[in-house]
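Notes to accompany the following structure.
Residue numbers (my numbering): 1 to 733.
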């Protein structure tokens, strides 16, 4: 089977040029998937849609019948695997061209390269032909010693000294020099042997140890103390968890430790090479053993140990990125308060508390600074101002940042006798300062300083965390694990994918969404988002989805991809405020007509919807899975998948580290998840760590199986380290 696709363009960076999808191609993708049972026809259909510039959210939501109901995660894996396959094919072409130009491409070697779909194996096949600096073997060849090396490798020569004497010349003064040169060539042959390298890799992966030793004169360095665990550390690299490996690598990068990867018993590697090289006890054995030891020590060990470390680093990166991605997803999908009038406070002592009042859309109405805390202690005046602002701007909720003076500010607010009940929330400030100094914030609030912008962000992330947090670089949100140490390109790709997934799973109000939020909508992008905002400001709110086509440069393809992920409240067509795609409007209209009711009466009418037989409404565009999705959406149109925000109360008696006692049971909120446990906010500046062993009774393989970000939990204080400001907690009460 061979299907050809012509590709004109691809916006998401996965594909370019002309691509052919062969059985090898499909099998490669299947082998890379977490679910290898995905049918070949579904992979083929998915790749076809991707090549047609369809986005992953669109494919997952509106092309289920073509893909066999594959979810977004699997489609993302298919897209990545397809990209990897293309890169592999390009690498093969480059390797074949290079070897052919050298005149060394035999039919056997060509077949091996063409039939290989392993990146490491390809590089091993290419190694003997790879351009490199002049080696000791190259020098020996120039001296004419390669025939002698072949004689030794054949292992059937007698009187080696006599044979070696024949190679003495102006460049080779004696027999020993001749034998040394021959051994250099043999060492390189062994190093380039595919079988040897493959098996040594496996040996290192199973038995290599990673070892760290404190660098000279660094054991007393104050900055090095956080890495003191690694001043004398050794463990099998295969068992080193991702967070520990990344910590060791960071300690090495900062110059506090020396790191190495080596076999505990190097003789095992040497024995393996000897057993697969030496055929008999001939006179050549001694020369071969010397060449093998040299090859291992000088060439193989440095290369394979480095590869082993890099492979472990890649796995650690993937684990850390996965943890970060899960955290980010949970953070972006945190419960929103909704369209409420909010008073937001960025707390502080000497510099005061920056207060802003926001309307239902998050627009800034008023700002002021109050000084309720030391050293000014203008508590009475501050209370009066807050109460006045609440009444003047009809405030419905209060949002307080969780940084410096947060608990004191919360206590201060709760002492105010408001005229009506108000919900008081403490929200994470992480990333607010980054946003406030960004171009996005300057464009939004050109006439206000960073303190006002930061307070606005604190308020908006209560009303709609997703809409506000998409404006901030995910790395600055504070829910990662060694995010600055991992592969930055891979991290950005994964986090961007998470943001796209979250934005499109919720849907956005096109008449209130910022440019930042719009840019993540399926099929839109940054430039198109700018055009939409410009059109909106010039023409007023969108009245229906079809009006999107009037936006400059927003053509039919972009409309197809984007339309169902945008919402228009109180528009001309009630379906425009649902996840029903415009291509299926005629199907819903036919349902209403068959039931003899207006379209508006069908929406959210469970009794009427229950009478509909999905199989009667399929067509060439809309399959049975799509119809079933439409019926679910009609029952609860535009339903936000996020839960509603809830007020959380910290223990009022715990305001500083000094208030903590071993054994105390406290309420807390999970505010970060790592591979080794989770951090819990108990109302202090310092979050406490619940180690993975303290999450619950018994073994825990994945922290995310036990807790989620923003989960309300009860924790017990195990230990308080005042000097290092660290708190050890347990959820095993």
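The beta carbon of each residue, even a glycine, is placed where N, CA and C say it ideally should be.
Item                                                                                                                                                                  : Value
With distances taken from CA atoms, which of 200, 486, 100 is nearest residue 303?                                                                                    : 200
Tell me whether residue 209 sits in a helix, a strand or coil according to DSSP, three-state version.                                                                 : strand
Would residue 331 and residue 344 qualify as a contact pair, given that the criterion is a beta-carbon distance under 8 Å?                                            : no
Counting C-beta neighbours from all protein chains within 10 Å, is the total for residue 327 16 or more, i.e. buried, or is it exposed?                               : buried
Taking Cβ positions, are residue 241 and residue 701 nearer each other than 8 Å?                                                                                      : no
Quick check: the Cα distance between residue 390 and residue 75, rounded to an integer number of angstroms?                                                           : 48 Å
Would you identify the three-state DSSP class for residue 191, choosing helix, strand or coil?                                                                        : helix
If you follow the alpha helix (DSSP H) that residue 502 is in, where does it begin and where does it stop?                                                            : 488-506
Along the beta strand (DSSP E) that carries residue 380, what are the first and last residues, could you check?                                                       : Counting along the chain, residue 380 falls outside any beta strand (DSSP E), though it belongs to the alpha helix (DSSP H) covering 379-392.
Could you check the C-alpha separation between residue 2 and residue 42 for me, to the nearest Å?                                                                     : Any reading at residue 2 needs caution, since the residue's pLDDT is 27, under 50, leaving its predicted position unreliable; the model's value is listed next. Looking at the two C-alpha atoms, the distance is approximately 15 Å.
By a C-beta neighbour count over all protein chains shown, 10 Å radius and 16 as the cutoff for buried, is residue 44 buried or exposed?                              : buried
On the DSSP letters alone, give me the boundaries of the alpha helix (DSSP H) that residue 738 sits inside.                                                           : Since the displayed the chain opens at 1 and closes at 733, residue 738 lies outside it and no answer follows.
Exposed or buried, residue 724, counting other C-beta atoms within 10 Å across all chains shown (16 or more means buried)?                                            : exposed
Can you check the stretch 15-98 for any alpha helix (DSSP H) of at least 4 residues that lies completely inside it and give the ranges in chain order?                : 23-32, 40-51, 56-62, 64-67
With H, G and I counted as helix, E and B as strand and the rest as coil, what does DSSP make of residue 521?                                                         : coil
Output yes or no for whether 8 Å exceeds the beta carbon distance between residue 185 and residue 244.                                                                : no
Return the CA-CA distance between residue 783 and residue 493, expressed in angstroms with no decimal places.                                                         : The structure shown has nothing for residue 783, since the chain only spans 1 to 733.
Which class does residue 362 belong to by DSSP, given the choice of helix, strand or coil?                                                                            : coil
Assign residue 740 to one of two classes, buried (16 or more other C-beta atoms within 10 Å of its C-beta) or exposed (fewer than that).                              : Only positions 1 to 733 of the chain appear in the structure, and residue 740 is not among them; the question remains open.
Out of curiosity, what's the CA-to-CA distance linking residue 620 and residue 470?                                                                                   : 37 Å
Give me whichever residues DSSP pairs with residue 425 in a beta bridge.                                                                                              : 399
Counting pairs of beta carbons, one from the stretch 215-229 and one from the stretch 188-205, are three or more of them closer than 8 Å?                             : no
Which partner residues of residue 262 appear in the DSSP bridge assignment?                                                                                           : 209
Going by CA-CA distance only, name the one from 705, 717, 480 that's closest to residue 322.                                                                          : 480
Could you tell me which residues DSSP pairs with residue 313 in its beta bridges?                                                                                     : The partner list for residue 313 (beta bridge, DSSP) is empty, contrary to what the question assumes.
Here's a check: name, in chain order, each residue in its chain whose Cβ is nearer than 7 Å to the Cβ of residue 517, leaving out the five neighbours to either side. : 467, 470, 503, 508
Have a look at the DSSP bridge pairing and note the partners of residue 689.                                                                                          : 679, 728
Can you have a look at residue 4 and say buried or exposed, based on whether 16 or more other CB atoms are within 10 angstroms of its CB?                             : In this prediction, residue 4 has a pLDDT of 27, which is less than 50 and means its spatial position is unreliable; nothing more can be read from the coordinates.
At what residues does the beta strand (DSSP E) containing residue 606 begin and finish?                                                                               : Premise fails: residue 606 lies in the alpha helix (DSSP H), 606-610, not in any beta strand (DSSP E).
Cα separation between residue 14 and residue 84?                                                                                                                      : Residue placement at residue 14 is flagged as unreliable, the pLDDT there being 36, under the threshold of 50; a coordinate-derived value is accordingly withheld.
Does residue 548 come within less than 8 Å of chain C when only Cβ atoms are used?                                                                                    : The structure shown has no chain C; it contains just one protein chain.
Start and end of the alpha helix (DSSP H) containing residue 467?                                                                                                     : 465-469
With distances taken between CB atoms, is the gap from residue 407 to residue 655 smaller than 8 Å?                                                                   : yes
Relative to the C-alpha of residue 644, which residue among 215, 229, 337, 256 is closest?                                                                            : 337
Which value, in whole angstroms, describes the spacing of the CA atoms of residue 484 and residue 673?                                                                : 16 Å
Nearest-angstrom Cα distance between residue 544 and residue 572?                                                                                                     : 6 Å
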